[in-house]
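Peer 1: Pasting a structure here, questions to come.
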């Protein structure tokens, strides 16, 4: 799991590859909080297209600890915590459903799920149709429908 902060867009892009675990997510989150470009209110664009599986620790105490740390670090004012999942695969859809369940009932958290780059970017309010158009993000060889 890696992340890239796109400060000028108020966005952190998270790339999930291979087998994704809560331990790995916690490590990435700690690095994100310590990053000099971290800002409260940054939306999280979580790209699950290259995730092959996710750990059995989803739904575990590790997940709840990560969720509590994320909630603690994010604003509870007029800006919501936005977690936008690009989930074009079955595994990505399962990960997004787990996030929807985990954040259900948290008033300041919004979980968005899209199956195409264009769809999730539109949900985030960006005019771009591909992640690569946001800034220095790599262009996906398998970019889906860009309409």
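Residue numbers (the working numbering): 69 to 215.
No residue lacks a Cβ here, since even glycine has one placed at the ideal position from N, Cα and C.
Between residue 157 and the rest of its own chain, which residues show a CB-CB distance below 8 Å, the 5 nearest in sequence each way excluded?
Peer 2: Here residue 157 is taken as the residue at index 89 of the chain shown, counted from 1. Cβ within range, chain order: 116, 117, 119.
Peer 1: Between residue 179 and the rest of its own chain, which residues show a CB-CB distance below 6 Å, the 5 nearest in sequence each way excluded?
Peer 2: Mapped onto the chain shown, residue 179 falls at position 111. These residues qualify, in order along the chain: 151, 167, 168, 171.
Peer 1: May I have the straight-line CA-CA distance separating residue 111 from residue 148, to the nearest angstrom?
Peer 2: If you number the chain shown from 1, residue 111 lands on position 43. If you number the chain shown from 1, residue 148 lands on position 80. One C-alpha to the other measures close to 9 Å.
Peer 1: Within 10 angstroms of its Cβ, does residue 91 collect 16 or more other Cβ (buried), or is it exposed?
Peer 2: As a first step, residue 91 is located in the chain shown; it is residue number 23 there, counting from the start. By the 10 Å Cβ count, residue 91 comes out exposed.
Peer 1: Given residue 85, which residues of its chain have a CB within under 6 Å of its CB, disregarding the five upstream and five downstream residues?
Peer 2: Position 17 of the chain shown holds residue 85. Cβ neighbours of residue 85 beyond the five flanking positions: 118.
Peer 1: Residue 203 and residue 73 look like a contact to me (Cβ under 8 Å); what is the Cβ gap, rounded to whole Å?
Peer 2: Your numbering for residue 203 matches position 135 in the chain shown. Your numbering for residue 73 matches position 5 in the chain shown. 10 Å between Cβ atoms; not a contact.
Peer 1: Taking the alpha-carbon of residue 104 as reference, which of 121, 89, 114, 80 has the nearest alpha-carbon?
Peer 2: As a working note, residue 104 is residue 36 in the chain shown. It is 80 whose Cα lies nearest to the Cα of residue 104.
Peer 1: Around the C-beta of residue 215, are 16 or more other C-beta atoms found within 10 angstroms, so that it is buried, or is it exposed?
Peer 2: Your numbering for residue 215 matches position 147 in the chain shown. Because the pLDDT at residue 215 is just 40, under 50, the model does not fix this residue reliably, and the point stays unresolved.
Peer 1: In chain order, what residues of the same chain have a beta carbon less than 6 Å from the beta carbon of residue 83, not counting five sequence neighbours either side?
Peer 2: Residue 83 sits at position 15 when you count from the first residue of the chain shown. Closer than 6 Å at Cβ, skipping near neighbours: 70, 115.
Peer 1: Kindly indicate the opening and closing residues of the beta strand (DSSP E) around residue 72.
Peer 2: As a working mapping, residue 72 is identified with position 4 in the chain shown. Run containing residue 72: 70-74, per the beta strand (DSSP E) assignment.
Peer 1: Indicate the three-state DSSP secondary structure (helix, strand or coil) for residue 155 in the structure shown.
Peer 2: As a position in the chain shown, residue 155 is number 87, starting the count at 1. DSSP places residue 155 outside both helix and strand once states are collapsed to three, so it counts as coil.
Peer 1: Whole angstroms are fine: how far does the CA of residue 77 sit from the CA of residue 102?
Peer 2: In the chain shown, the residue the question calls residue 102 occupies position 34. In the chain shown, the residue the question calls residue 77 occupies position 9. Near 19 Å, if we compare the C-alpha coordinates of residue 77 and residue 102.
Peer 1: For residue 121, does the count of other Cβ atoms within 10 angstroms reach 16, so buried, or fall short, so exposed?
Peer 2: Along the chain shown, one-based indexing puts residue 121 at 53. The residue in question, residue 121, is exposed, as its Cβ has fewer than 16 Cβ neighbours within 10 Å.
Peer 1: Can you check whether the CB of residue 87 is closer than 8 Å to the CB of residue 109?
Peer 2: Along the chain shown, one-based indexing puts residue 109 at 41. Along the chain shown, one-based indexing puts residue 87 at 19. Contact flag unset, no.
Peer 1: What number of angstroms, rounded off, separates the C-alpha of residue 164 from the C-alpha of residue 194?
Peer 2: Position 96 of the chain shown, counted from the start, is the residue given in the question as residue 164. Position 126 of the chain shown, counted from the start, is the residue given in the question as residue 194. Looking at the two C-alpha atoms, the distance is approximately 20 Å.
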